[in-house]
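First the structure, in the form of structure tokens, and then the observations on it.
Protein chains: 8
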Amino acid sequence: DRCGYPEVIFAEGKTPEWTAGVVERLRQAGQDCFATRVNDDQAAYLATRFPDGIQDRIGRTFWYPQSTEPRTLVGNVLVLTAGTGDLPVAHETLNTLTAMGVQSQRIVDVGVAGLHRLLRHLPTLQSADVVIVVAGMDGALPSVVGGLVDCPVIAVPTSVGYGTTFGGVAPLLTMLNACSAGVVTVNIDAGFKAGYTAALIARRVAKRNVSE
Amino acid sequence: DRCGYPEVIFAEGKTPEWTAGVVERLRQAGQDCFATRVNDDQAAYLATRFPDGIQDRIGRTFWYPQSTEPRTLVGNVLVLTAGTGDLPVAHETLNTLTAMGVQSQRIVDVGVAGLHRLLRHLPTLQSADVVIVVAGMDGALPSVVGGLVDCPVIAVPTSVGYGTTFGGVAPLLTMLNACSAGVVTVNIDAGFKAGYTAALIARRVAKRNVSE
Amino acid sequence: DRCGYPEVIFAEGKTPEWTAGVVERLRQAGQDCFATRVNDDQAAYLATRFPDGIQDRIGRTFWYPQSTEPRTLVGNVLVLTAGTGDLPVAHETLNTLTAMGVQSQRIVDVGVAGLHRLLRHLPTLQSADVVIVVAGMDGALPSVVGGLVDCPVIAVPTSVGYGTTFGGVAPLLTMLNACSAGVVTVNIDAGFKAGYTAALIARRVAKRNVSE
Amino acid sequence: DRCGYPEVIFAEGKTPEWTAGVVERLRQAGQDCFATRVNDDQAAYLATRFPDGIQDRIGRTFWYPQSTEPRTLVGNVLVLTAGTGDLPVAHETLNTLTAMGVQSQRIVDVGVAGLHRLLRHLPTLQSADVVIVVAGMDGALPSVVGGLVDCPVIAVPTSVGYGTTFGGVAPLLTMLNACSAGVVTVNIDAGFKAGYTAALIARRVAKRNVSE
Amino acid sequence: DRCGYPEVIFAEGKTPEWTAGVVERLRQAGQDCFATRVNDDQAAYLATRFPDGIQDRIGRTFWYPQSTEPRTLVGNVLVLTAGTGDLPVAHETLNTLTAMGVQSQRIVDVGVAGLHRLLRHLPTLQSADVVIVVAGMDGALPSVVGGLVDCPVIAVPTSVGYGTTFGGVAPLLTMLNACSAGVVTVNIDAGFKAGYTAALIARRVAKRNVSE
Amino acid sequence: DRCGYPEVIFAEGKTPEWTAGVVERLRQAGQDCFATRVNDDQAAYLATRFPDGIQDRIGRTFWYPQSTEPRTLVGNVLVLTAGTGDLPVAHETLNTLTAMGVQSQRIVDVGVAGLHRLLRHLPTLQSADVVIVVAGMDGALPSVVGGLVDCPVIAVPTSVGYGTTFGGVAPLLTMLNACSAGVVTVNIDAGFKAGYTAALIARRVAKRNVSE
Amino acid sequence: DRCGYPEVIFAEGKTPEWTAGVVERLRQAGQDCFATRVNDDQAAYLATRFPDGIQDRIGRTFWYPQSTEPRTLVGNVLVLTAGTGDLPVAHETLNTLTAMGVQSQRIVDVGVAGLHRLLRHLPTLQSADVVIVVAGMDGALPSVVGGLVDCPVIAVPTSVGYGTTFGGVAPLLTMLNACSAGVVTVNIDAGFKAGYTAALIARRVAKRNVSE
Amino acid sequence: DRCGYPEVIFAEGKTPEWTAGVVERLRQAGQDCFATRVNDDQAAYLATRFPDGIQDRIGRTFWYPQSTEPRTLVGNVLVLTAGTGDLPVAHETLNTLTAMGVQSQRIVDVGVAGLHRLLRHLPTLQSADVVIVVAGMDGALPSVVGGLVDCPVIAVPTSVGYGTTFGGVAPLLTMLNACSAGVVTVNIDAGFKAGYTAALIARRVAKRNVSE
Ligand SMILES: Nc1ncnc2c1ncn2[C@@H]1O[C@H](COP(=O)(O)O)[C@@H](O)[C@H]1O
Ligand SMILES: Nc1ncnc2c1ncn2[C@@H]1O[C@H](COP(=O)(O)O)[C@@H](O)[C@H]1O
Ligand SMILES: Nc1ncnc2c1ncn2[C@@H]1O[C@H](COP(=O)(O)O)[C@@H](O)[C@H]1O
Ligand SMILES: Nc1ncnc2c1ncn2[C@@H]1O[C@H](COP(=O)(O)O)[C@@H](O)[C@H]1O
Ligand SMILES: [Mg+2]
Ligand SMILES: [Mg+2]
Ligand SMILES: [Mg+2]
Ligand SMILES: [Mg+2]
Ligand SMILES: [Mg+2]
Ligand SMILES: [Mg+2]
Ligand SMILES: [Mg+2]
Ligand SMILES: [Mg+2]
């Protein structure tokens, strides 16, 4: 089995009581529990039932580890956003990484229309195990980042934009057609999936590293 | 009337004889004549009939001015391409500019995956009246260029790419959603339209300039 | 740097407090500030905080120049709409032009189903530096205008219509396929981008003009 | 039964022999016969078998009436095209009208980018029973025509164009969204259907007219 | 000018006061006035201002003729619906026909899954000048009706259905591809346009008829 | 295991030699073998190698049973086509049914534009275990058939048509939205899948029937 | 006529009173009555009017048989769901089967990401007359199930998911392209149609079975 | 710089001579060279010019390392295909991995319709650093594989299939919506990108591993 990974709840479409019920069951089974797409009602109800659960209302996640001991996080994943509107998806990613036991940092609002703001962070970019790039509208940032780094880039299209962004389709297509070779893509707004896959990579790098 | 502009023939779907007939008529009417989307058969036939016509087999254009006197070109339009596959569309643009009496230069293969190649040309970029950016695949280049210059950028999506480029739809959407504000867009592979509009702008700038 | 241009805030998705915070910071940095896509809550809050800011509730913009001195506007940009439903997008354009220091005028409800209403304005059309055409539904107006003028036409598709307009896709496609050569296009409802690019053109024409 | 209407063969996808067989059978049954979408091989074979059949290689039709007597055509249908590339579809329409016993005339290449060429024909436009407008690319012509006439307009989108015309989808959408109220639409390149429906209308007008 | 036709207001997106203002102005100009897409707020406000205006809350129309004298309606247009959910669009059509001075009748819920219900009305179908067929979901009814009648069929796709009806796209495509030749189509839910065009046809038939 | 079912080869994209190799192997393993999407080259090569294999060049299938003994077919599946262009897909279906040991019959060219031709076959329709309806263009036939019978209807959209049929998408959507409840659908041109599923149903009915 | 089948009401878009009226009429005609897509208002109203009607608020159905005697259900249909979010559609299916007099059972949350949970139920899967598979997101379950059973599989795509599921289009396409041959598909969220068709099959199998 | 990585040529759209010219230049610069999308003409010409280059006509690649010494490959990447038609894309992936210095193995034709064939390889699956899954049609395989392994899965949709696969769009959507969390996706037929990214991951794991 997948020891060290939390159980993940996709809260969308569940009632607050139902969601809390799943959390309760995982708790009793001794498992760490992480929920995504937690809406306001669910968050309020979970807060009453599990006041020590860790809530992030920007990223709409709920994180409820068994142990309150500080954990040692491994790896080094960098999360970039093109705009500030991409923050909710980025937070879902960051919280997923934490729940998976992986170290992360974020750099926000470094879209390609202001290249100098991105280039300022070049050393940070080049020291990461994985770079996750979160972008809506033209979705051009992963193409540029892919040309600057030597590690895999996971691109996350967001539904930020209007008109011909078509709810994230425009940046998704940009990312699938990125002219940098080392760029892979996930579903629109799928911050969780990007974080989860990055964590699989970062842990694998770290584990080998440690076990040597 | 639009003095100084050539008559333009859209050769696609016309027989060689038909195309040559239109050229002949314009010739007799004393008008400069410019044809786009000239296929191999049409080009060969036009070459026999009008050997002093100027053919560009990359850009698939035919240019047949009344006067063989050297003209003074005005303005300063820069044409960039992201890849080498975008060259045919760029040539259609460049030849349109020439036919419209406007000065141009090109810089090829400066896609965003190799940012240093683009940044090397910054002074040239910043001295243009208009920058036309021709790109397929991710279509990310106009977003980056728009952040570097102070003049209008005309983005031309090309049908270069495979899979989810959908024959140019992916770069078109990227360009319509460009996060730089001064970017406008034309139809897929519409090098002619980009060149034509850029010429209208450059001539307007130059004319005022001269008439002062 | 881009002296003479205001800083622009895209208010969509920001809280009123957040939006006001950005305005505040720009104010203190001595910069003119212009916000688009300002919703009712944001507008009300900005009105309390900055009562001398200039609000346009039709165009959903907020304009807050440092100086209250009358400015000299340059250039001559004409904004047309096909229907009355296109007014909000046209206002976003007009206010952008003002904030960019460019002179503009508007003509409303001159769609192609009543050609005589358009043709009545022919002299005004033909004296502009740039014509911006705002249209939803069939999006046919820029094709007609492009055949009547000698300057660049920037077409703005709007989401006005129902059924197969698909939220602005139908007029967008019409405009990308306009049979007049000097027509370029921006994103659906992107009044700001059209205004911004037209201002770049008009200022460039005027500057040369003046500097002679 | 539908006396006075020919039997119609859709030749696409049939072998020359098969097509000729259907013609033969209709001949023996004493029926007028009209075939559309006749390709070169079919046309050549039909020419050998039925040398007095009337072929139109532009409109790709074959018309084989029982009687060679001149018929009296009724009604008055006008067929317009926006460009010259729309001619094949227009011919399919014109030949359908003839086969249905309806009088027609055509005006070619009066697209909206050159409005003066269209307006020159205003009296002809306003005297028709039905106007059929054939257009590709931006498909804007029916919207303009619908505002000039008092009779039904049948719009036929064609697959003429490139890039975002998407094989006729762009003009189809323009036509479905025409801002003139009396415009109805048929399938892309469906010259036959437009001609057939116009004939139903024109004959109905004429019949009543005559029978009074 | 188009004597005998009312002025038509497209109420969607207008405030109640604005809508009433247009009605007022038309009233004073002595013109009959017809409004479509009238929402609940507009309807309530119009009822206070113009209590003798004729409202249809199913078809969402407002009809306000100058004269209260009974008019003589001409022609004979039949409006069919496939289901009961198509009634609102059918009513918009029926009210448009009345406002245009044309006689009409309706037959509801005769979709192709219960063929016997349709066939029962065959004589009525075959005596109409025009048949308008309103259908959502599979949109199959116009194909069947087109095979049963000798007059033009105007097909109106509606947004009734779920999943792959895509808000009316499925029935629209069915109708554009109808295997009966005399079927033409309008925009999704465009009951007004179908009624308007049918009225143009019916009046033309009747006028000639009368003037003989 | 699935005794009584042949092994099925999808020949598309395989070389003739490769295809024949698979046939050979199945032969040696004592299995009946059925191939679909067999192109001309493959068919010619298979004919040399396995002259007693049963080829259908309309349905593009190859059927090679181990035993040449006449088999007893079970069940009663009816295959209808709307037009004659749908024959290739119908043949793929019919041959699949035979290879699966199921009895079938076909009725061709009974599209809804000529309802009387369909209704003539009502008793045959109502005696089938399953009706498979193959149709392109408007795809309306399954909706009508579903209202006439009491057994499951499997609808097969074909790529027959032009313009907005979009290679079979139009009839597919019609079928998915069929207003008759007992209609299920397969992929475009998927005659094999319809035949295979119908055979599963017919055999199940027959088996129980026999085993009683 | 179709004895033994209830009359079915599609409640979507009907008022509570209208819906109850139809129920009343069917009641008086002595017919069993089944309604789908019953919203909260309709359900509450039906509960007052027909307190002994059987309501399922998960599946949004109303079932009102004439007789309260226990019925003997026939056949054996299995309904699977990939996730818990697919339950509402599965319930619509299950209730349809009951109303059609067919025996059914359900297995929930056996999506392909946890294959062991599915394989645990293999004997149940292999004993069904028909398996109905309800799935959103990737829609992969029917492909897997089709490889495990010998009976027809009816696949129901649901609108569960986000981003590129496009409201159920993604699982629909997966199902239409299922690499298992015996899989047929219905509209998105069309639980009713899947249940209805499965019932037609199961009853046919059972009837023959019994009548032997 | 990126030592150890070959220079990659995208041969599509280049003439044989042009392609060979690029190879020649890289050769002289002492760099390993790898070309993808090499068509028959290019391959034949390259074979004459560089007879010791390594050609793979299934994967359409050309590999031309400087040194003929055997290299030590690192890492462990597994490439799976759902069908045999996916082989060309898989070979492009495998050859990219080799050129990047990474060890790989392939397992072919283990699609989800025959689950036992996949499950037979479970130990191999679970020992990989990265699993690349290549699949067309329903694209269901990555969802299943993602549930069986603990490493990142890179999904490659292929254009194998017909009808509603829409040239690879159907499997792409399935993969983007995979219900297994650790699945990322690349463009349709983008075997190169999948191999390149997997190599970045595998080398990173191996490097750390070795350097410990
Ligand atoms: N935001 C998300 N996007 C996609 N999948 C998710 C997300 N959050 C959770 N999941 C997946 O959904 C599964 C749980 O679904 P459920 O059993 O319905 O709570 C988990 O195993 C995750 O793999
Ligand atoms: N490549 C092109 N793309 C779009 N429009 C074009 C192109 N080349 C020519 N045109 C337009 O087509 C018109 C001539 O069309 P035609 O009369 O068919 O030769 C010219 O006036 C141009 O505006
Ligand atoms: N339901 C409708 N669908 C399409 N066009 C309409 C509709 N109702 C009115 N119109 C058109 O809209 C025009 C009036 O638009 P407006 O000036 O915005 O009120 C009229 O001349 C009609 O041709
Ligand atoms: N959920 C559903 N999806 C599709 N069709 C349905 C559904 N529920 C009922 N129907 C069909 O709709 C018909 C009744 O429609 P109506 O007369 O509008 O109530 C029935 O005969 C059913 O075949
Ligand atoms: Mg920003
Ligand atoms: Mg390059
Ligand atoms: Mg108006
Ligand atoms: Mg022309
Ligand atoms: Mg009904
Ligand atoms: Mg036929
Ligand atoms: Mg689950
Ligand atoms: Mg296989």
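Residue numbers (our numbering), protein chains in the order written: chain A, 32 to 243; chain B, 32 to 243; chain C, 32 to 243; chain D, 32 to 243; chain E, 32 to 243; chain F, 32 to 243; chain G, 32 to 243; chain H, 32 to 243.
Ideal Cβ positions, reconstructed from N, Cα and C, are used throughout, including at glycine.
beta-carbon residue i near ligand 4 non-hydrogen atom, thresh 8 angstroms
| i | result |
| --- | --- |
| G/VAL53 | yes |
| F/PHE11 | No information on residue 11 of chain F is available, as it lies outside the stretch 32 to 243 that chain F covers here. |
| F/SER211 | yes |
| G/PHE223 | yes |
| G/GLU123 | yes |
| D/ARG148 | no |
| B/THR195 | no |
| E/GLY116 | yes |
| G/ASN218 | yes |
Option in the options with minimal Cα separation from residue i
| i | options | result |
| --- | --- | --- |
| A/THR195 | B/ALA209, B/TYR193 and B/PHE41 | B/ALA209 |
| G/TYR95 | G/ARG102, G/THR103 and G/ILE85 | G/ILE85 |
| H/PRO101 | H/ALA121, H/ALA130, H/ALA74 and H/ILE89 | H/ALA130 |
| E/GLY116 | E/GLN73, E/GLY167, E/GLY132 and E/GLN134 | E/GLY167 |
| A/GLU38 | A/GLU48, A/GLU55, A/ALA201 and A/ALA225 | A/GLU55 |
| E/ASP72 | E/ARG88, E/HIS122 and E/ARG58 | E/ARG88 |
| E/ALA171 | E/ALA113, E/TRP49 and E/ILE185 | E/ALA113 |
| D/TYR193 | B/TYR193, B/PHE223, B/SER174 and B/LEU207 | B/PHE223 |
| C/ASP160 | C/GLY90, C/PHE81 and C/GLY226 | C/GLY226 |
| E/VAL176 | E/VAL200, E/SER98 and E/VAL215 | E/VAL215 |
Beta bridge counterpart(s) of residue i as assigned by DSSP
| i | result |
| --- | --- |
| D/TRP94 | D/PHE65 and D/ILE85 |
| E/ILE40 | E/ALA66 |
| H/VAL105 | H/VAL133 |
Within the segment 109-138 of chain E, ranges of the beta strand (DSSP E) (whole runs, at least 3 residues)
Qualifying beta strand (DSSP E) stretches, in chain order: 133-138.
Mind listing which residues of the segment 208-236 of chain F have their C-beta closer than 8 angstroms to chain H's C-betas, in chain order?
ASN218, ILE219, ASP220 and ALA221
Starting from the N-terminal side, write out each stretch of the alpha helix (DSSP H) that is 4 residues or longer and does not extend beyond the segment 147-226 of chain H.
Assignment of alpha helix (DSSP H) within the segment 147-226 of chain H, counting only whole runs of 4 or more residues, yields 153-157, 172-177 and 200-207 in chain order.
May I ask you to list, following chain order, the residues of the segment 139-173 of chain H that have a beta carbon less than 8 angstroms from some beta carbon of chain F?
none
Selection of the segment 179-191 of chain C by Cβ proximity to chain B, strictly under 7 angstroms:
Within the segment 179-191 of chain C, the qualifying residues are ASP181, CYS182, PRO183 and ILE185.
Any C-beta of chain H within less than 7 angstroms: which residues of the segment 37-58 of chain F qualify?
Going along the segment 37-58 of chain F in chain order, one finds GLY44 with a Cβ nearer than 7 angstroms to chain H.
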